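What follows is one structure encoded as structure tokens, with my remarks underneath.
In our numbering, the protein residues as written are 4 to 180.
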């Protein structure tokens with residue numbers, strides 16, 4: 004197999020782009036998932052053989068499944084960083100369905116990418132990092148729907164930790180006894 008892989012969703016700009024850079028510097032092959040074609044082309048040109056871009060919608064289950072299958076054929080997936088998401092800052096009475104759908108794509112993508120990666124890795128030797136924001140900790144005046152999705156991401160993350168902590172504790176207990 005090839006290099007150790009880190010998957011980063013939403014890595015074409017902002018924090019995600021910085022994470023792409025840092026993991027390439029650490030000699031990982033970075034597989035970046037984003038929808039911004041121009042920014043993805045720029046990253047592909049900049050990082051060449053240490054970078055592979057996948058352009059698509061993180062809430063599209065078929066895209067996610069095919070992408071994870073393709074990435075797993077390239078090398079060993081070591082880390083999944085769920086970073087993609089898009090806020091909508093409005094007063095609660097100003098939200099439209101499109102705003103709600105936009106905010107929930109990040110939560111959907113986090114769950115889909117985590118699920119498919121855990122399946123491929125058979126739940127072994129995988130680190131999952133879920134990037135949230137302070138909106139996962141408190142309600143904010145013009146971020147009702149955004150906060151709702153971030154609270155959902157926090158709940159999902161805590162549930163993953165609970166599930167896999169129990170497995171690890173069971174294994175450790177079994178080894179000792």
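For each residue, glycine too, the CB sits at the ideal point set by N, CA and C.
The model shown is predicted, which means the values in this text are computed figures rather than measured ones.
Taking the CA atoms as reference points, residue 19 sits about 26 Å from residue 165.
Distances from the alpha-carbon of residue 39 to those of 118, 114, 89, 30 put 89 closest. Judged by their CB atoms, residue 34 and residue 74 are nearer to each other than the 9 Å cut-off. Between residue 81 and residue 9, the beta carbon gap of about 6 Å places them in contact (Cβ cut-off 8 Å). Following the DSSP letters along the chain, one finds residue 102 inside the alpha helix (DSSP H) bounded by residues 100–124. Between residue 111 and the set 131, 156, 77, 69, the nearest pair of CA atoms involves 156. In this structure residue 92 does not touch residue 152 by the C-beta definition: roughly 13 Å separates them, more than the 8 Å allowed. Within the DSSP bridge table, the entry for residue 66 names no partner.
Secondary structure at residue 89: coil, using DSSP grouped into helix, strand and coil.
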